[in-house]
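A short worksheet on the structure shown next.
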Amino acid sequence: MLDLKAQLKLALENIVPPETEVVIQDTPADKPGDYGSPVAFLLAKALKQNPAQIAKDLAAKVILPSGVARAEAVGPYLNFFVDQSAFVQNIISSVYTPSSKNQKVIIEHTSVNPNKEWHVGHIRGALIGDTLGRIYRAAGYNVEIQNYIDDTGRQAAESQFAIKHYNAVWDGKQKYDHWLGELYVRLHKDFDFKKKTPEAQALEPAIAEVIHALERGELRNEIETVVKSQLETAYSLGIEYDLLTWESDVVHAGLVQQALEIFADRLEQPTEGKYAGTKGVDLSSFVPGLEEPFKVLVRGNGTFVYETKDIAYHYWKFGLFEGLEFSNFAKQPSGKYLYTSAPKGELHPDGQSFAHANQVINVIDSRQWLAQIVVKAGLSLISDGTYAKYHHHLANETVLLEGETMSGRKGITVSADEVIAEAIEQALEFMKAMIPSPANPETLAPIVGIGALKFTVLKTTPERQINFRWDTTLSREGDTAVKIQYAHARARKIAREYTAKGYSGTPDFSSLSELELGVLKTVAKYSEVLTLCTRDKSAHPMCAYALELAGAFNGYYNHKDANGKSDTSVLHAPEGLREARLAVVTRVADAIKEALGVLGIDAPEEM
RNA sequence: GCACUUGUAGCUCAGCUGGAUAGAGCGUCUGACUACGGAUCAGAAGGCCAGGGGUUCGAAUCCCUUCAAGUGCACCA
Numbered sequence: 000m001l002d003l004k005a006q007l008k009l010a011l012e013n014i015v016p017p018e019t020e021v022v023i024q025d026t027p028a029d030k031p032g033d034y035g036s037p038v039a040f041l042l043a044k045a046l047k048q049n050p051a052q053i054a055k056d057l058a059a060k061v062i063l064p065s066g067v068a069r070a071e072a073v074g075p076y077l078n079f080f081v082d083q084s085a086f087v088q089n090i091i092s093s094v095y096t097p098s099s100k101n102q103k104v105i106i107e108h109t110s111v112n113p114n115k116e117w118h119v120g121h122i123r124g125a126l127i128g129d130t131l132g133r134i135y136r137a138a139g140y141n142v143e144i145q146n147y148i149d150d151t152g153r154q155a156a157e158s159q160f161a162i163k164h165y166n167a168v169w170d171g172k173q174k175y176d177h178w179l180g181e182l183y184v185r186l187h188k189d190f191d192f193k194k195k196t197p198e199a200q201a202l203e204p205a206i207a208e209v210i211h212a213l214e215r216g217e218l219r220n221e222i223e224t225v226v227k228s229q230l231e232t233a234y235s236l237g238i239e240y241d242l243l244t245w246e247s248d249v250v251h252a253g254l255v256q257q258a259l260e261i262f263a264d265r266l267e268q269p270t271e272g273k274y275a276g277t278k279g280v281d282l283s284s285f286v287p288g289l290e291e292p293f294k295v296l297v298r299g300n301g302t303f304v305y306e307t308k309d310i311a312y313h314y315w316k317f318g319l320f321e322g323l324e325f326s327n328f329a330k331q332p333s334g335k336y337l338y339t340s341a342p343k344g345e346l347h348p349d350g351q352s353f354a355h356a357n358q359v360i361n362v363i364d365s366r367q368w369l370a371q372i373v374v375k376a377g378l379s380l381i382s383d384g385t386y387a388k389y390h391h392h393l394a395n396e397t398v399l400l401e402g403e404t405m406s407g408r409k410g411i412t413v414s415a416d417e418v419i420a421e422a423i424e425q426a427l428e429f430m431k432a433m434i435p436s437p438a439n440p441e442t443l444a445p446i447v448g449i450g451a452l453k454f455t456v457l458k459t460t461p462e463r464q465i466n467f468r469w470d471t472t473l474s475r476e477g478d479t480a481v482k483i484q485y486a487h488a489r490a491r492k493i494a495r496e497y498t499a500k501g502y503s504g505t506p507d508f509s510s511l512s513e514l515e516l517g518v519l520k521t522v523a524k525y526s527e528v529l530t531l532c533t534r535d536k537s538a539h540p541m542c543a544y545a546l547e548l549a550g551a552f553n554g555y556y557n558h559k560d561a562n563g564k565s566d567t568s569v570l571h572a573p574e575g576l577r578e579a580r581l582a583v584v585t586r587v588a589d590a591i592k593e594a595l596g597v598l599g600i601d602a603p604e605e606m
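Structure (structure tokens):
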């Protein structure tokens, strides 16, 4: 019954010409019926008939699925009326359980260079990726979350070089990634690498040596220290991973060589011009009008550019070959283990199995767009090109800081840890101002504060650039997680009171009204919203839905009759109606908790 | 220059595989039972959906075009 609209769609498809696209939508609030379809418009032309007449004919002809009382033409629309009592009981007694999709989705997110602390921009990508993982799991997919560690890159090298250059020693007090980030900023303040000043150029040989050391894996412990420190930030947001994949492992395990064996002969090898001696791909079929459509993958000296490693990594993600070995990296706060690729590990640590994706989603900010096109081009070279179809770059836009572009190099950022601490602190102050002595502020403040932060970041579509502002991003007013958490707590309170008063009785669902039906219709939308989220690969429809649920419940809770008297009280209702309303309220609370859960936001029982 | 993303109420945003009168929050203005929790709710005001053209029975949604903002176009990562 949770998919009543799908059943209505099928019922109509049975009586209209094949290939007619049947749409079932919610009827506007002031129109008769619960669900409706504009399908008559589509048929009007072919049948050369008035759509209103067609709608009437369809209403007479359609075989209604159980739970639907009748069909009626409303002008050119064909509207359906649910059997209220059956609908209510069905929603109350059913829980959404997804069918297994037998599909493995690998979501890569975070992938922050291991040389500094996270800033607010990183929070966005990580939250989008984490939430998308929850959404796909909720929808019945097998999900693997990977965090790529670019441990052989320029940024990692510069920070490690800065430690030596300044003879810096970590005192163990400051969070390690912050300490390292400060050295990185200091290095760039002292030397202008972009302008290639003589002083900066003089450091290049030493930095190159660090890069080589990183490539040989000699600084693995140092990088692990940064990664562990960064993971603390993720954990404080409730974000966990399944696997860390290290770039140096991708290289050492021979993944690039294996990839080359598969696609080398499909690469172009210019024999003249500036690219003579290199190998690469022509991007013109992916991005028309590029000034320079040729992309080098193998340099003239035989070494690989970054994107080549990424292509190899993606061949591996899709299970084209094995090669990476793994080990157990850490126990995460939830108790779930985090694994890592490792130079000397095993193929299946603790029986775990990685890669072999059916679908790959990379949550990487939009500035990496071209690099992701190169990966897609690499995937299109092999097999019949279908792998490229299952590679999705979820290009989230960047986060501005009070309207300004952030820069990790220049230190124009706000650290994620600072934002998280502030979100919790503000929630605590707010709570104390409202309730003189709140019950358990220390546990509640993170739930409310981080919930507000997460919701604010997630409710906007990923492709829109957002602006971080201290005064609005942590807000708990209006369309925020707090309203949703509050609605949930309020509903739970009613159930607790019911028990405390020692009530009992048999629910009489026939005594319920349109009001309860309306609330439960919102509950019934859950699976539809989940599908929308996976289709669009975005969490923001779930945010809107959670708000809609809270709004539906709060509206119901506060509803008044024509005389201005509350007419939806549970506890003051006569036995029978009382139990039926309690069942509705409990079902709504469950739905709110479920929706928030998919967003990674806790729903406290009381607040 | 070329490409990608964005442009909807005073502000921040939904709605975009075309469908019924374009929806929320903030802000402004009115209100709400002698509160099953007022961190709530009901109502009012506020829109040539950036501009122009096209397709369609029907366009915020699709196509073309102009304008504005952001981003990207290395044998860097």
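Sequential numbering from 0 applies to the first sequence in numbering that gives the first Met the number 0.
Glycine included, every Cβ here is placed at the ideal spot set by N, Cα and C.
All values derive from a computational prediction rather than experimental measurement.
Taking a contact as a CB-CB distance under 8 Å, the pair ILE591 and LEU548 counts as one, their CB atoms being some 5 Å apart.
ASN146 carries a strand assignment under DSSP once its states are collapsed to helix, strand and coil. DSSP lists no bridge partner for THR505. A direct Cα-to-Cα measurement between LYS520 and LEU243 gives close to 42 Å.
Counting other Cβ atoms within 10 Å of its Cβ, GLU246 reaches 16 or more and is therefore classed as buried. Here THR339 is buried: its Cβ has 16 or more other Cβ atoms, across all protein chains shown, within 10 Å.
Judged by their CB atoms, ALA54 and LEU63 are not nearer to each other than the 8 Å cut-off. Boundaries of the beta strand (DSSP E) around GLY35: 34-36. Sequence-distant partners of ASP281 (beyond 5 residues in either direction) whose C-beta falls short of 7 Å from its own C-beta, in its chain, are GLU267, PRO292, PHE293. When the Cα atoms are used, ALA68 and GLU321 turn out to be separated by approximately 56 Å.
Distance from the Cα of ASP601 is smallest, within the candidate group PRO540, ASN466, GLU527, ILE446, for ILE446. For secondary structure counted as the alpha helix (DSSP H) over 4 or more consecutive residues, the region 79-110 holds these complete runs in sequence order: 83-92. Between the alpha carbons of GLN24 and LYS278 lies a gap of roughly 52 Å.
By the C-beta criterion, the region 558-576 is judged not to be in contact with the region 526-540, since fewer than 3 inter-stretch pairs fall below 8 Å. Pairing VAL304 with GLY216, the inter-Cα distance amounts to about 18 Å. Taking a 10 Å sphere around the C-beta of LEU346, we find fewer than 16 other C-beta atoms and assign the residue as exposed. Residue pairing by DSSP places TYR76 opposite VAL73 in a beta bridge. Secondary structure within the region 247-274: the alpha helix (DSSP H) runs of 4 or more consecutive residues, fully enclosed, are 254-262 (chain order). Cα atoms of LEU581 and SER284: separation of roughly 60 Å, rounded to the nearest angstrom. Nearest to LEU323 by C-alpha distance, out of ALA311, ARG475, GLY550, SER333, is ALA311. Between ASP241 and GLU143, the gap from beta carbon to beta carbon is short of 8 Å. Segment contact: the region 403-416 against the region 373-381, fewer than three CB-CB distances shorter than 8 Å; contact not assigned.
DSSP places VAL15 outside both helix and strand once states are collapsed to three, so it counts as coil. ASP349 sits in a helix when the DSSP states are folded into three classes.
In the three-state scheme derived from DSSP, where H, G and I count as helix and E and B as strand, SER235 is classed as helix. Taking a C-beta distance under 8 Å as the contact criterion, ILE465 and VAL418 do not qualify as a contact pair. In the DSSP annotation of this structure, the continuous segment of the beta strand (DSSP E) that includes ASP281 starts and ends at 278-281. With 16 or more other CB atoms across the displayed protein chains lying within 10 angstroms of its CB, MET606 is buried.
Between the alpha carbons of PRO603 and THR232 lies a gap of roughly 22 Å. Per DSSP, TRP245 is one residue of the beta strand (DSSP E) stretching across 242-245. For GLN358, the enclosing beta strand (DSSP E) stretches over residues 358-364. Within the region 512-582, the alpha helix (DSSP H) runs of at least 4 residues that lie entirely inside it are, in chain order, 513-522, 525-535, 539-556. Distance from the Cα of ARG265 is smallest, within the candidate group LEU236, LEU254, ALA59, LEU296, for LEU296.
When C-alpha distances from ALA356 are compared across HIS313, LEU126, GLU203, the shortest belongs to HIS313. DSSP, read as helix, strand or coil, puts ALA138 in coil. Scanning TRP178, ALA415, ALA480, VAL168 for the CA closest to the CA of ASN114 turns up TRP178.
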